[in-house]
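Here's the structure we're looking at; comments come further down.
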Amino acid sequence: MKLHHYGFATKSIEKSLKEFERIGYHALSEKIIDPIQKVELLFINNENNHPIELIAPLDGNESPVSNILKKNGPILYHICYEVENIEKSIAELKTKHFVIVVKPTPAIAFNMRKVCFLYNPHIGLIEILEK
Ligand code: NI
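Here this note's numbering = 1-based position in the sequence shown + 59.
Shown next, in the form of structure tokens:
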């Protein structure tokens, strides 16, 4: 599996972007609104290719991200990997103690490519993104 990005939950994309910029990151696009997941997103990167996805709840909406923020505050909470075939990868990961948290869904941020979230008690949350 190839790294695609690290997911970082924040209350404010603007405030996090400002601080990440101070340590060498830059925005890769404008903010993306995802009304399905009720989140807003922004991808950032630095010169060493450390892609991070900033994710914030949309206008105080309840979402999995708002629960993470309530529990932990701003936090790095998932690793996303790019895979050739999402169903095949899910089947494989299930044999390695992962359970599905969010079933395969088209993602607005990735031109409706499918993503799926899985959890392993000793690895945490991962996202897989179909090529
Ligand atoms: Ni992600």
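Yeah, the Cβ is synthetic: ideal placement off N, Cα and C, and Gly gets one too.
Three-state class that DSSP yields for residue i in the structure shown
i	result
I230	The question about residue 230 has no answer, for the chain in this structure spans 60 to 190.
E78	helix
I182	coil
E73	helix
N104	strand
Those residues which DSSP pairs with residue i across a bridge
i	result
E121	Answer is none; E121 lacks a bridge partner.
G83	Note: G83 sits in no beta bridge, so no partner.
E99	I92, A115
H64	C139
Which residues have their C-beta within less than 6 Å of a heavy atom of the ligand NI, listed in chain order?
-> Any heavy atom of the ligand NI within less than 6 Å of a residue's beta carbon puts that residue on the list, which reads H64, G66, E112, H137, C139, E186.
Determine contact between the region 73-87 and the region 150-166, defined as no fewer than three beta-carbon pairs at a distance below 8 Å.
-> By the Cβ criterion, the region 73-87 is not in contact with the region 150-166, since fewer than three pairs of Cβ atoms, one from each stretch, lie closer than 8 Å.
If you scan the region 124-178 from start to end, which runs of the beta strand (DSSP E) of 3 or more residues do you find wholly inside it?
-> Whole beta strand (DSSP E) segments, 3+ residues: 134-142, 158-166.
Take every Cβ of the region 71-80, pair it with every Cβ of the region 137-157, and state whether three or more of those distances are shorter than 8 Å.
-> When Cβ pairs closer than 8 Å are counted between the two stretches, the region 71-80 is seen not to touch the region 137-157, the count staying below three.
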